[in-house]
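Numbering (our numbering), first residue to last: 3 to 226.
Glycine included, C-beta positions come from ideal geometry on N, C-alpha and C.
Note that the structure is a prediction, hence the values are computed from the model and not measured.
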């Protein structure tokens, strides 16, 4: 009776020991994964794996590229604004929206004369409400630019040069967005890689079997 009790007690202790090892290992794995999720490569390097250097270098390169493109977009935005002040004669104190910038790149001026944005709005109002002058007037008032929001390009070439500047801004911002996605992917992949390189217990094999007398037999194997 005491022998059976001792065997069962030893079995319980062994199971608890293996369980504690697994819990500790899982905690370590989660720690490595969390580190790599925060700073790519950190978890791998902490686990003694040099693949972390690749993820760390990629992070530095990606963030540097993102900073560069955002800075270029800001510089082009300032340049286009100053260009519009000089050649489209906008009010320097005017708070300009993105739509306003876009319309400035498409129309020679904001007026009701030929080629002006407001003239375009008048045509839309007539097409939408051909038999309703009041609706036309309301539409024009809601969508046209006021005198305070005026712009007028010196010539077509100035407008085209401005349009090129605005396109550059969009391109740089799109590049920055794409790189942001790559940065996120780098964090995720590095975290998964940290899990892979730090999973030591995947080689551990524990089994509980019974002998001919129905006594439990505990075996523990580790594949190197």
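The C-beta of residue 78 has 16 or more other C-beta atoms within 10 Å across all chains shown, which makes the residue buried. In the structure shown, residue 183 adopts helical secondary structure according to DSSP, grouped into three states. Inside the region 38-66, DSSP marks whole alpha helix (DSSP H) runs of 4 or more residues at positions 44-48, from first to last along the chain.
By the beta-carbon neighbour count (other beta carbons within 10 angstroms, threshold 16), residue 168 is buried. The three-state secondary structure of residue 111, taken from DSSP, is strand. Of the other Cβ atoms in all chains shown, 16 or more fall within 10 Å of the Cβ of residue 107; this residue is therefore buried.
For residue 118, DSSP records a beta bridge to 111.
Residue 152 and residue 177 have their C-alpha atoms roughly 32 Å apart. When C-alpha distances from residue 170 are compared across 80, 157 and 93, the shortest belongs to 80.
The shortest C-alpha to C-alpha distance from residue 91 to any of 154, 74 and 31 is the one to 154. A residue is called buried when at least 16 other Cβ atoms come within 10 angstroms of its Cβ; residue 183 does not meet this threshold and is exposed. Relative to the Cα of residue 161, the nearest Cα in the group 96, 112 and 51 belongs to 112.
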